[in-house]
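Protein sequences appear in the order of chains R and Z.
When you number the first sequence by my numbering, it's gap-free, plus one each residue, and the end is 1063.
When you number the second sequence by my numbering, it's gap-free, plus one each residue, and the end is 796.
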Amino acid sequence: MNDNSYDILIVGVGGQGVLLASEILSEAAMSAGFDVKKSEIHGMSQRGGVVSSHVRIAPKVYSPTIQEGQADILLSFEQAEGLRAITWLKKGGIAIVSRTTLIPAIVTSSRKYHYPLDAVAEMKKKLNRVIGVEADKIAGELGNPRLVNTILLGILSNYMSFDYDLWIETIKSKVKPKLVDINITAFKRGRDISLSAVKA
Amino acid sequence: MRELLSGNEAVARGAYEAGVALAASYPGTPSTEILETLAERFPSIYSQWSPNEKVAFEVGIGASIGGGRALVTMKHVGLNVAADPFMTFTYTGVNGGFVIVSCDDPEMHSSQNEQDNRFFARFGQIPFLEPSDSQEAKDMLITAYEMSELFDTPVMLRMVTRISHSKGIVELGETVHGPDKRFVKDPSKYVMIPSNARKRHVVVDQRLEKLARFAEETRFNTVELNGSRIGIITGGVAYQYAKEIAPDLDYLKLGMGYPLPMRKIEQFVNGHERVFVIEELEPFYEDQIKAVGLKVEGKRYFGRLGELSPFRVAQGLKETGVLDRVETPTISVDEMFPRPPVLCPGCPHRGAFMALKKLGVAVTGDIGCYTLGVMEPLNALDTCICMGASIGNAIGMEKVKGSEKGTVAVIGDSTFVHSGITGLLDAVYNKSNVTVIILDNRATAMTGGQQHPATGQTLMGEPTSRLNLVNLCKALGVESVRELDAYNYDAALHMISEEMQRPGPSVIITSRPCVLMPVRIMDEPYVVDLDLCTACSACFRISCPAIAASSETNKHGHPKAVIDETLCTGCTLCAQVCPPEAIILKSQYVKA
Chain R
864 MNDNSYDILI VGVGGQGVLL ASEILSEAAM SAGFDVKKSE IHGMSQRGGV VSSHVRIAPK
924 VYSPTIQEGQ ADILLSFEQA EGLRAITWLK KGGIAIVSRT TLIPAIVTSS RKYHYPLDAV
984 AEMKKKLNRV IGVEADKIAG ELGNPRLVNT ILLGILSNYM SFDYDLWIET IKSKVKPKLV
1044 DINITAFKRG RDISLSAVKA
Chain Z
205 MRELLSGNEA VARGAYEAGV ALAASYPGTP STEILETLAE RFPSIYSQWS PNEKVAFEVG
265 IGASIGGGRA LVTMKHVGLN VAADPFMTFT YTGVNGGFVI VSCDDPEMHS SQNEQDNRFF
325 ARFGQIPFLE PSDSQEAKDM LITAYEMSEL FDTPVMLRMV TRISHSKGIV ELGETVHGPD
385 KRFVKDPSKY VMIPSNARKR HVVVDQRLEK LARFAEETRF NTVELNGSRI GIITGGVAYQ
445 YAKEIAPDLD YLKLGMGYPL PMRKIEQFVN GHERVFVIEE LEPFYEDQIK AVGLKVEGKR
505 YFGRLGELSP FRVAQGLKET GVLDRVETPT ISVDEMFPRP PVLCPGCPHR GAFMALKKLG
565 VAVTGDIGCY TLGVMEPLNA LDTCICMGAS IGNAIGMEKV KGSEKGTVAV IGDSTFVHSG
625 ITGLLDAVYN KSNVTVIILD NRATAMTGGQ QHPATGQTLM GEPTSRLNLV NLCKALGVES
685 VRELDAYNYD AALHMISEEM QRPGPSVIIT SRPCVLMPVR IMDEPYVVDL DLCTACSACF
745 RISCPAIAAS SETNKHGHPK AVIDETLCTG CTLCAQVCPP EAIILKSQYV KA
């Protein structure tokens, strides 16, 4: 990754706002003058399945999907899904992961599968750059559990060259009017958390 | 003006810019958003959901013969349903331009097969264009209308999921008015009795020759020369994957994929040392190119199953010897638990499936959300073939195996209207003892809650007559038609058992709407009293995403249950199956 191209994979579980986050990211990239493609699969994924969105940003983009093992940044809204997706990252890639835990019924009912005890710790064993954040708790403090996606976007924004104002303008254009203020607050919280994490 | 549009949104925009008069469809992933976008952003175009793809296709034909530009859209398997009018409309040709958009689903992200509909264009002897990004989706649709009117043919725009659901930057244009045409009586062209059809088949043959000449000239079949000895012939999304991996090779990009520009291909092949055909799914180009005696290679390196990807193309090119090395993923992860899609919390299909599982009967299934009933731990479905197949499957199964344990067909309301009605008629006519459960949630829910004739609303948002399913079933000759509250587990058990004992066909119609559409239904949530919970796991087995394992266990170490209050819709099913009655309404829970 450099300031010229970004391959970003966003993952989560149906209903977490993966698609809105990738929409905001893509629109911001277009406004910043980049070519951009984003690819996602809907359909059955809205029924509690895994959702992933590939966002590719560069002066010229061909493939709508990222090559396996070549993503610069992984943005995960659920920790086990973050762990599942790390194979997409390239060596030295960054993982930004919400510690949100969503255990599917198939795990609770069958006793055949297990959910990783600490997926963020598992990721840290394999990657040098993992930012685990309790985004669901922060979203709860802000009064809306659905803000996890915007908080994570805030963190992501620290690793990209786009102007701050461009992010804010894009959020304003993509979020329902009554939710704009709270989303901007969430975005700022994410941006601040990351900077302090980097300092520490 | 530039906008970030998905392939489907770009098609809708293209329809607007091409001056389309009418669009018709039946929803199906990945095609659905084309008509949704038309209805939302371009209401000047008359757009409608039809009961199924065959009707949508016929509506489109009528519009074309009447003089308007017509658009019909469907997923790949939808064209199987519409194949009958398709194969004859290719004979009559058009009046107003006619484009059929086929959205194929390589990798079967949400489909029952991954058929390659490029063969349908060849089967019907009509041209197809295949975009490789959103911009081309819009541009090609507009050109497709011009081709349709110029060559007097329906034209296919062939998309795949990765084009339909990927967004890219699109330059917007102005809307144009198509040529001013009107209906002119011409039975020799539009009435396909054998004597007329024989003459039209000759026209089809001649048309194909003209189209083959056009394929040599069209700007969508382009050669990109970079001075390499290796040449790549490709098209659609495969072009993008190949360019990603090997941008400096020579390319022949096929935007118009049938009929093929054979002269151009021959020249390209002869000008290169080795030529590889990179295409998704079937060797559609490769076989035709080899058939004229040209030497190309392809499928043995790139495979014919599932989606291509940059990685797969890189692997294939390495095998050919063109690439020295492939960037492989360096970070691995141990195998993890699966996260399959499941029925939503509060889904009204759950009660029927719980009852069917308890009864242990053979259940023939169909296409829709309820296909998810096959997943663990519900395991409530035994077949799933195509739209409407559940009833026919049940009739056949019941005829050969008898009614020892009975056969039950489950079918959604939208699917029943699409192609279940004739199956039910068959059950009546042929005296089948099948029990049919119409899972009526009043939406085409799997694709996002679209309207259909039994919802009382049109695509363009107007209220309309609502098909009465009870009266319809009775009119078909079913004597026993009963309604069931899908949230009442005991009632479901009893009613299904009773109807299975009854000779002749029976219909049970469940009566709770989809919890997500059109408005999300949330009632007071339930909670688990952990003092009462014995960790028996009865509630886990109903496969509700709102029920999870608690950190508290019983003396055997088995986890007790906990309910996620933000997901629980208060449907009551878990409370009904909880032996110690530990699941109670939140307001009634008093902490000890």
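Note that the Cβ used here is the ideal one computed from N, Cα and C, for glycine as well.
These numbers were taken from a predicted model, which means no experiment stands behind them.
- Secondary structure in the region 264-293 of chain Z: the beta strand (DSSP E) runs of 3 residues or longer, each lying completely within the stretch, are 274-279 in chain order.
- Per DSSP, LEU938 (chain R) is one residue of the beta strand (DSSP E) stretching across 934-939.
- Taking a C-beta distance under 8 Å as the contact criterion, VAL614 (chain Z) and TYR574 (chain Z) qualify as a contact pair.
- For GLY911 (chain R), a Cβ of chain Z is located within less than 8 Å of the residue's own Cβ.
- The Cβ neighbour count for MET291 (chain Z), taken over all protein chains shown within 10 Å, is under 16; the residue is labelled exposed.
- Excluding five sequence positions before and after ALA943 (chain R), the CB atoms of its chain that fall closer than 7 Å to its own CB belong to TYR978, PRO979 and ALA982, given in chain order.
- Out of R:SER902, R:ILE959 and R:GLY955, the CA that lies nearest to the CA of LEU946 (chain R) is found in R:ILE959.
- Three or more Cβ pairs closer than 8 Å define a contact, and the region 881-892 of chain R meets that threshold against the region 913-920 of chain R.
- Per DSSP, the continuous beta strand (DSSP E) segment holding SER210 (chain Z) begins and ends at 206-210.
- Within its own chain, the residues whose Cβ lies closer than 7 Å to the Cβ of LEU345 (chain Z), once the five positions on either side in sequence are excluded, are VAL215, GLY218, ALA219, ALA222, VAL303 and LEU361, listed in chain order.
- Listed by position along chain Z, the residues whose Cβ is nearer than 7 Å to that of ASP898 (chain R) are ILE373.
- Straight-line measurement puts the Cα of GLY507 (chain Z) at about 43 Å from the Cα of VAL395 (chain Z).
- The continuous beta strand (DSSP E) containing PRO763 (chain Z) extends over residues 763-767.
- In the same chain as PRO667 (chain Z), and ignoring 5 residues on each side of it, the C-beta atoms closer than 8 Å to its own belong to GLY660 and GLN661, in chain order.
- Here the alpha carbons of PRO451 (chain Z) and HIS313 (chain Z) stand approximately 28 Å from one another.
- Check the Cα spacing between PHE541 (chain Z) and each of R:GLN933, R:TYR976 and R:ARG919: the tightest is with R:TYR976.
- Distance from the CA of PHE897 (chain R) to the CA of SER1024 (chain R), rounded to the nearest whole angstrom, comes to 11 Å.
- Considering only beta carbons, the part of the region 939-953 of chain R lying closer than 8 Å to chain Z consists of ALA943, GLU944, LEU946, ARG947, ILE949, THR950, TRP951, LEU952 and LYS953, in chain order.
- Between the region 774-781 of chain Z and the region 550-565 of chain Z there are three or more C-beta pairs closer than 8 Å, enough to call the two in contact.
- Within the region 957-1028 of chain R, the complete alpha helix (DSSP H) segments at least 4 residues long are 968-973, 982-989, 998-1005 and 1011-1020, listed from N- to C-terminus.
- Shown here for ASN400 (chain Z): same chain residues with a beta carbon closer than 8 Å to its own, the five before and five after excluded, namely PRO391, SER392 and LYS393 in chain order.
- Look at the region 536-588 of chain Z and you find these whole runs of alpha helix (DSSP H), each 4 residues long or longer: 553-563.
- Between the beta-carbon of ILE249 (chain Z) and that of VAL224 (chain Z) there is about 5 Å, and that keeps the pair under the 8 Å contact cut.
- Between PHE261 (chain Z) and chain R, the shortest Cβ-Cβ separation is not below 8 Å.
- At least one beta carbon of chain R lies nearer than 8 Å to the beta carbon of THR534 (chain Z).
- As DSSP reads the structure, VAL374 (chain Z) sits in a beta bridge with Z:GLU207.
- Shown here for LEU412 (chain Z): same chain residues with a beta carbon closer than 7 Å to its own, the five before and five after excluded, namely GLN329 and PRO463 in chain order.
- Not a single C-beta of chain R is nearer than 8 Å to the C-beta of LYS457 (chain Z).
- The criterion of a C-beta distance shorter than 8 Å is satisfied by VAL473 (chain Z) and VAL500 (chain Z).
- The C-alpha of GLN319 (chain Z) lies about 21 Å from the C-alpha of ALA341 (chain Z).
- Using a Cβ-Cβ cut-off of 8 Å, ALA613 (chain Z) does not count as an interface residue toward chain R, since no Cβ of chain R sits closer than that to its own.
- In the DSSP assignment, MET344 (chain Z) falls within the unbroken alpha helix (DSSP H) covering 338-355.
- Distance check between VAL924 (chain R) and each of R:ASP999, R:LYS1037, R:GLY995 and R:SER868 places R:SER868 closest, using alpha-carbon atoms only.
- Residue-level contact by beta carbon holds for GLU580 (chain Z) and chain R, with a gap shorter than 8 Å.
- Looking at the DSSP output, VAL711 (chain Z) bridges to Z:VAL640 and Z:VAL685.
- For ASP870 (chain R), the pairing in a beta bridge is given by DSSP as R:ARG919.
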